[in-house]
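Here the sequence shown stands for residues 20 to 358, where the numbers follow this note's numbering. Beta carbons are placed, not taken as given, at the ideal position from N, Cα and C, and that holds for glycine. A short write-up of the structure that comes next.
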Amino acid sequence: MTAIDTTTQLGLADSYGRVATDLRVSLTDRCNLRCSYCMPEEGLDWLSKPELLTDDEIVRLVSIAVRQLGVHEIRFTGGEPLLRRGLVGIVARTTELAPRPQVSLTTNGIGLARQAQALKDAGLDRVNVSLDTIRPDTFQQLARRDRIKDVIAGLEAAQTAGLTPVKVNAVLMRGVNDQQAPELLEFCLERGYELRFIEQMPLDAQHGWNRATMVTADEILEQLADRFGLEPTDAATRGSAPAESFTVHGGPQTVGIIASVTRPFCGDCDRVRLTADGQVRDCLFARTESDLRTPLRDGASDEELADRWRRAMWKKLPGHGINDPSFLQPTRPMSAIGG
Ligand code: SAM
Ligand code: SF4
20 MTAIDTTTQL GLADSYGRVA TDLRVSLTDR CNLRCSYCMP EEGLDWLSKP
70 ELLTDDEIVR LVSIAVRQLG VHEIRFTGGE PLLRRGLVGI VARTTELAPR
120 PQVSLTTNGI GLARQAQALK DAGLDRVNVS LDTIRPDTFQ QLARRDRIKD
170 VIAGLEAAQT AGLTPVKVNA VLMRGVNDQQ APELLEFCLE RGYELRFIEQ
220 MPLDAQHGWN RATMVTADEI LEQLADRFGL EPTDAATRGS APAESFTVHG
270 GPQTVGIIAS VTRPFCGDCD RVRLTADGQV RDCLFARTES DLRTPLRDGA
320 SDEELADRWR RAMWKKLPGH GINDPSFLQP TRPMSAIGG
């Protein structure tokens with residue numbers, strides 16, 4: 020790895036030539052669902068209030084990323100970001116930044132029916148809602164809570180409020196919803212939601228991921244290809260987007276597949292993450308983090324924080340290594356990192 024020259028380095032570059040411009044900010048590690056690919060039934064040891072960044076601290080770090088580090092996309096996530104009381108205010112202050120970043124939210128949709136319009140009014144551009152099944156019994160089995168109606172109401176409210184295109188994220192689990200891809204796609208096409216399947220990744224707190232049983236992108240495509248007349252969209256338009264996109268029956272509607280495990284896209288990655296307790300993570304699978312909270316609370320200037328952030332990114336590894344025999348799952352689960 021070459022040494023970083025912070026006198027000339029402006030954005031969040033790494034030593035392999037990638038530049039991060041898309042910041043995922045986790046607003047809380049808490050959640051009101053217990054999706055089995057994410058966390059155990061009993062939940063986790065949540066971060067305490069003093070450990071969490073305050074609303075002002077979040078906005079300050081986001082503002083440094085946007086104004087000094089070239090970040091132009093902000094996605095708020097968690098845990099469940101709708102559980103964060105200050106969410107609407109944080110979104111409003113983020114959309115007031117110049118240059119104005121794109122601002123979106125990844126959510127399980129519970130409570131979105133109530134907050135969608137306020138979020139739109141605060142300037143939120145889009146939402147991604149996670150929905151893995153349209154069957155109430157499968158939802159209960161997978162998310163361990165009887166809340167599917169709230170999620171569907173949240174989706175409808177997002178559409179009505181104009182948080183569009185509304186995207187839906189789905190994870191398929193063997194023996195649970197692995198045969199339900201077609202009905203989920205049908206549901207989304209009828210309502211104008213953009214569905215993307217995400218391959219299950221080894222990021223669950225219980226370490227239950229098993230390569231031998233995970234549902235692969237190829238399998239999902241096999242279920243959908245003929246029935247929906249899928250054709251790959253122009254690969255050149257994919258850029259750094261993780262989803263491979265396919266038109267349905269000649270378009271314009273599409274379906275996406277994010278094959279992080281079987282077709283990694285690390286070489287094009289433009290992401291950086293900030294955890295709810297103020298740690299920079301250069302990758303979902305990183306085994307190290309860089310602390311911004313301590314210097315922030317010790318009075319560091321914006322320039323000092325930006326400099327630390329650049330140095331943190333420079334160390335990013337070329338790939339996530341899931342497919343290496345030596346792969347070790349990160350200590351923190353997806354819900355604590357910010358998916
Ligand atoms: N609670 C919100 C939600 O569910 O959308 C935001 C946080 S969640 C960690 C973000 C996304 O990560 C969701 O779409 C979820 O399905 C996905 N996810 C969680 N654990 C995963 C895993 N082990 N593999 C793949 N995707 C996962
Ligand atoms: Fe909660 Fe999202 Fe994890 Fe499901 S995937 S348990 S909704 S954080």
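Cα-Cα separation between residue i and residue j, rounded to whole angstroms
i	j	result
threonine 126	alanine 177	11 Å
serine 67	arginine 330	28 Å
leucine 138	glutamate 70	26 Å
cysteine 207	histidine 268	14 Å
leucine 150	aspartate 317	41 Å
proline 100	phenylalanine 247	33 Å
valine 195	leucine 116	43 Å
leucine 293	glycine 270	36 Å
glutamine 242	aspartate 140	39 Å
isoleucine 341	methionine 58	19 Å
histidine 339	cysteine 285	7 Å
serine 309	aspartate 64	21 Å
leucine 183	valine 146	Note that residue 183 corresponds to threonine in the displayed sequence, not to leucine. Going from the Cα of threonine 183 to the Cα of valine 146 covers about 7 Å.
arginine 166	alanine 319	43 Å
proline 120	leucine 174	23 Å
arginine 53	asparagine 188	16 Å
Same chain, Cβ closer than 8 Å to residue i, five either side skipped, listed in chain order
i	result
arginine 306	Leu347, Pro349, Thr350
valine 38	Gly30, Leu31, Ala32, Gly89, Asp289
valine 110	Phe95, Val122, Leu124, Leu138, Ala141, Gly142, Leu143
glutamine 298	Glu308, Ser309, Asp310, Leu311, Arg312
Distance cut-off 7 Å: residue i Cβ against heavy atoms of the ligand SF4
i	result
alanine 57	The amino acid occupying residue 57 in the given sequence is cysteine; alanine does not appear at that position. Cysteine 57 Cβ: within cutoff of the ligand SF4.
leucine 166	First, the amino acid is wrong: residue 166 is arginine here, not leucine. No, the Cβ of arginine 166 stays beyond 7 Å of every heavy atom of the ligand SF4.
glutamate 60	no
glycine 98	yes
alanine 162	yes
arginine 43	no
serine 354	yes
Near the ligand SAM: residue i beta-carbon under 7 Å from a heavy atom
i	result
asparagine 127	yes
glutamine 219	yes
methionine 332	no
asparagine 229	no
asparagine 188	yes
leucine 222	yes
serine 264	no
Close beta carbons around residue i, own chain, < 6 Å, minus the five adjacent residues each side
i	result
serine 264	Thr252, Thr273, Gly275
methionine 233	Gln219
Endpoints, the alpha helix (DSSP H) within which residue i is located
i	result
aspartate 245	236-247
valine 78	74-87
leucine 150	Premise fails: leucine 150 is in no alpha helix (DSSP H) and is neither H nor E.
glycine 173	167-180
isoleucine 217	No alpha helix (DSSP H) contains isoleucine 217, which is instead part of the beta strand (DSSP E) from 213-217.
isoleucine 129	Careful: isoleucine 129 lies outside any alpha helix (DSSP H) and carries neither H nor E.
glutamate 205	200-210
threonine 313	312-316
leucine 324	321-333
serine 264	No alpha helix (DSSP H) contains serine 264, which is instead part of the beta strand (DSSP E) from 263-266.
Own chain partners of residue i with C-beta closer than 7 Å, once the 5 adjacent residues on each side are dropped
i	result
arginine 282	Ala236
glutamine 87	Asp321, Ala325
alanine 262	Arg215, Gly275, Ile276, Ile277
glutamate 202	Ile153
isoleucine 239	Leu191, Ala200, Phe216, Ile276
glycine 105	Asp74
Range covered by the beta strand (DSSP E) that runs through residue i
i	result
isoleucine 109	Premise fails: isoleucine 109 lies in the alpha helix (DSSP H), 106-114, not in any beta strand (DSSP E).
serine 45	41-45
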